[in-house]
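Notes for the one structure printed next.
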Amino acid sequence: MTTSTIDGSKAAKSRMTELQNNPSNPWRGTLAGFVALLVGIGIGRFAYPPLIPALVRQHWFSAPKADYLAATALAGYVVGAFFAGHRRWKPGPSITIRTSMIVASASFVACVRPIGFDWFFLWRFLAGVAGGFLMVTAVPLIIARTPAEFRGRASGVIFTGIGAGIAASGTLVPVLANRSLAEAWLGIGLASFVLTAATWRYWPRLRTPVSTHPAENHSIRLSAPMALLLAAYCSAAAGFAPHSVFWVDFIARGLRRGLASGGHYWVIMGFAAAAGPIFAGLVADGAGFAFSLRCAIVIEAVGVGLPVFSHSAWSLTLSSVLVGSMSMAVVTLTAGRVSELVPISGQKQAWGWMTAGFSIVYAADAWGLSFLFAETRSYGLIFAVGAAALLAGALFEAASSHAASAARINAKPQASRPK
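Numbering follows numbering that gives the first Met the number 0, in which position 46 of the sequence shown is assigned residue number 45; successive positions increment by one, without gaps.
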């Protein structure tokens, strides 16, 4: 038996061992990832904005302070994504994920009484940090253990957790908050703790993936395809900001249709966000992640640009559906594309780059668009800028795919040389 055959057998055995670390039902891991993002982001981040009107109305905080707390969670998310993606982060995935889910859940229970702004600032920041850790740690961990032919569907289910949180919070949280803010905070927190307990026993089965090639088990460098993919993802963040920040206000005040109408279209966007990742995953399993991602970005650009040309009910509905579904589809497909471009041991670090970059650009763009709107009072200009950013993102993704193809072609002659 030759040395190459032995090495090949060892690599195959190592891969089999890694796959056997999955639970007997591979969808258990996918559902665990769904719950992690539901608790850490879908609830941890997006259950707070619907509470803001009640916080102001019941005099817990002024409107500026309530809005500032929302931004605090986003800042914490960036911090969590940065540290979780760093290769020197020591705690294993089991400890990181369990702790993050506990912190995200506790952040609501801790706020059942109006103790003070500093106390809420601390817990909203920690909730953001926990969401960043869960996004960067849980997602690549599960995708790396999913067979390639199922990664699209698995990614779709995992990221549906975010959209499900948006849809649920947009419908249930205002009802609870109108009854009692304390009951709303407590109810959200207890629901998160129940979901955390439901997946508690799953996480110890998983360890950080290790490549069969020792040279790949080190810090990765930002290759040209990955740099261009990062640019595409950041452009998508800039394109999503107009709807996530201005959509309800545009309909309620800009079109003078009232807050109830604005909330109606927000809920539509939330339900579309819950469905988008699954649809995108199914398409990606057949058409590939790269092509599917490019199409999703272009479709989202159409949705963001629609309000520039039409304010009819069907146009607003279509815009809500396209932006809601495709914004989450872009996240799903980008995660899948990272799994194709980066060695298994470097995927957590690469996804950390993506998550941190998206969050930073999103926050900066939200601030920049707010300044632009204050100067121009033009909602149309805001949506036009967002659509242009998304079209630029599609071009970046096309360039990324081209660079990846060129790299594969250049690598083939070297791989075929006799040793």
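Just so it is clear, CB atoms sit at the ideal spot from N, CA and C, and this is done for glycine as well.
What does a CB cutoff of less than 6 Å around residue i pick up in its chain, not counting 5 residues either side in sequence?
{"i": "A261", "result": "Position check: residue 261 holds Gly in this sequence, whereas Ala was assumed. Taken in chain order, the residues that qualify are V247, I250 and A251."}
{"i": "L390", "result": "A300"}
{"i": "A405", "result": "none"}
{"i": "H401", "result": "none"}
{"i": "G302", "result": "S318, L321 and V322"}
{"i": "A109", "result": "W122"}
{"i": "V282", "result": "S291"}
{"i": "V244", "result": "A365"}
Could you check the C-alpha separation between residue i and residue j for me, to the nearest Å?
{"i": "L140", "j": "A31", "result": "11 Å"}
{"i": "F45", "j": "G130", "result": "11 Å"}
{"i": "F270", "j": "N177", "result": "22 Å"}
{"i": "F132", "j": "V138", "result": "10 Å"}
{"i": "S399", "j": "I298", "result": "19 Å"}
{"i": "I187", "j": "I161", "result": "15 Å"}
{"i": "A65", "j": "G287", "result": "42 Å"}
{"i": "F33", "j": "A70", "result": "24 Å"}
{"i": "P52", "j": "A363", "result": "24 Å"}
{"i": "A373", "j": "H310", "result": "21 Å"}
{"i": "F382", "j": "F239", "result": "9 Å"}
{"i": "A387", "j": "A295", "result": "14 Å"}
{"i": "F278", "j": "M134", "result": "20 Å"}
{"i": "S222", "j": "P173", "result": "45 Å"}
{"i": "T145", "j": "V128", "result": "26 Å"}
{"i": "I408", "j": "P224", "result": "14 Å"}
{"i": "W366", "j": "A237", "result": "11 Å"}
{"i": "E220", "j": "A196", "result": "The residue asked about is misnamed: residue 220 is Arg in this sequence, not Glu. Cα to Cα, R220 sits roughly 37 Å from A196."}
{"i": "I94", "j": "A397", "result": "38 Å"}
{"i": "H242", "j": "H263", "result": "14 Å"}
{"i": "Y361", "j": "L368", "result": "10 Å"}
{"i": "I142", "j": "Q57", "result": "43 Å"}
{"i": "L371", "j": "W59", "result": "30 Å"}
{"i": "I114", "j": "V55", "result": "15 Å"}
{"i": "V156", "j": "I40", "result": "15 Å"}
{"i": "S179", "j": "T98", "result": "28 Å"}
Among residues of its own chain, excluding the 5 on either side of residue i, which ones have a beta-carbon nearer than 8 Å to its beta-carbon?
{"i": "S191", "result": "V38, I42, G43, M100, A103, S104 and F107"}
{"i": "E148", "result": "D284"}
{"i": "T316", "result": "Y264 and I267"}
Using 8 Å as the threshold, is the C-beta distance between residue i and residue j below it?
{"i": "R112", "j": "A181", "result": "yes"}
{"i": "L305", "j": "S314", "result": "yes"}
{"i": "T198", "j": "G280", "result": "no"}
{"i": "Y47", "j": "R123", "result": "yes"}
{"i": "A80", "j": "T333", "result": "no"}
{"i": "A72", "j": "T136", "result": "no"}
{"i": "R272", "j": "G323", "result": "Per the sequence shown, the amino acid found at residue 272 is Ala instead of Arg. The answer is yes: Cβ separation under 8 Å."}
{"i": "G151", "j": "P49", "result": "no"}
{"i": "A163", "j": "T29", "result": "no"}
{"i": "V307", "j": "G379", "result": "yes"}
{"i": "W202", "j": "P92", "result": "yes"}
{"i": "A235", "j": "V329", "result": "yes"}
{"i": "S338", "j": "Q346", "result": "yes"}
{"i": "A35", "j": "I96", "result": "yes"}
So, under 8 Å CB-CB, residue i and residue j are touching, yes? Tell me the CB distance rounded to an integer number of Å.
{"i": "M325", "j": "G275", "result": "6 Å"}
{"i": "A231", "j": "F395", "result": "4 Å"}
{"i": "M268", "j": "F158", "result": "Between F158 and M268 the Cβ distance is about 15 Å, and since that is not below 8 Å, they are no contact."}
{"i": "F119", "j": "L68", "result": "6 Å"}
{"i": "A183", "j": "L194", "result": "Between L194 and A183 the Cβ distance is about 17 Å, and since that is not below 8 Å, they are no contact."}
Any heavy atom of the ligand NAD within a distance shorter than 7 Å of the CB on residue i?
{"i": "L321", "result": "Absence of the ligand NAD from the depicted structure is noted, as is the absence of any ligand whatsoever, leaving it without description."}
For residue i, which residues of its own chain have a beta-carbon under 7 Å away from its beta-carbon, when the five flanking residues on both sides are left out?
{"i": "R336", "result": "L228, F288, A289 and L292"}
{"i": "W265", "result": "G169, W246 and V247"}
{"i": "A403", "result": "P224 and L340"}
{"i": "F116", "result": "F60 and K64"}
{"i": "C233", "result": "G356, F357 and V360"}
Restricting to runs no shorter than 4 residues, where is the alpha helix (DSSP H) found entirely within the region 270–338?
288–308
Ignoring anything shorter than 4 residues, give me the alpha helix (DSSP H) runs that lie fully in the region 339–390, in order along the chain. 346–375
Quiz prompt | Every unbroken alpha helix (DSSP H) within the region 149–195, with a cutoff of 4 residues, ordered by chain | solution = Fully enclosed alpha helix (DSSP H) runs of 4 or longer: 150–178.
Complete runs of the beta strand (DSSP E) confined to the region 53–129 [at least 3 residues]
If we require 3 residues or more, the region 53–129 turns out to have no beta strand (DSSP E) run fully inside it.
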